[in-house]
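Residue numbers (my numbering): 9 to 109. Beta carbons are placed, not taken as given, at the ideal position from N, Cα and C, and that holds for glycine. In this text the structure is predicted, and so the values were computed from the model without any measurement.
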């Protein structure tokens, strides 16, 4: 299943609030595809070690899943489409520096 379809699936398949063990029993075997479509992880693997006892809503469970997927689901790490990399900008010399007080 694509990660973009997980929330709708959780809303359809589960009744909330729901406890962690019931999530694992009911949808734990569902495989979620990584964006590269070569890797998958089951919901059980993703949230198996999470210490949460209950989930109040599909949104809460989805947030838990998204927060615990491995690096293959992240895409380009440290990518920022709003500007340059601040660490690179700090290293680049500037032509003008005003140090007057």
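Let's test the definition: count the other Cβ atoms within 10 Å of the Cβ of residue i and tell me whether it reaches 16, buried, or not, exposed.
| i | result |
| --- | --- |
| residue 37 | exposed |
| residue 39 | exposed |
| residue 66 | buried |
Based on Cα-Cα distance, which residue from the options lies nearest to residue i?
| i | options | result |
| --- | --- | --- |
| residue 59 | 66, 50, 9 and 28 | 28 |
| residue 80 | 35, 63, 65 and 48 | 48 |
| residue 69 | 16, 41 and 89 | 16 |
Once you ignore the five residues that flank residue i on each side, which residues in its own chain have a CB closer than 6 Å to its CB?
| i | result |
| --- | --- |
| residue 25 | 62 and 64 |
For residue i, write down the residues that DSSP places opposite it in a beta bridge.
| i | result |
| --- | --- |
| residue 44 | According to DSSP, which records beta bridges pairwise, residue 44 is partnered with nothing at all. |
| residue 26 | 63 |
Can you name, in chain order, every residue of its own chain whose Cβ lies under 7 Å from the Cβ of residue i, other than the five neighbours on each side?
| i | result |
| --- | --- |
| residue 34 | 21 and 22 |
| residue 73 | 14, 51, 54 and 55 |
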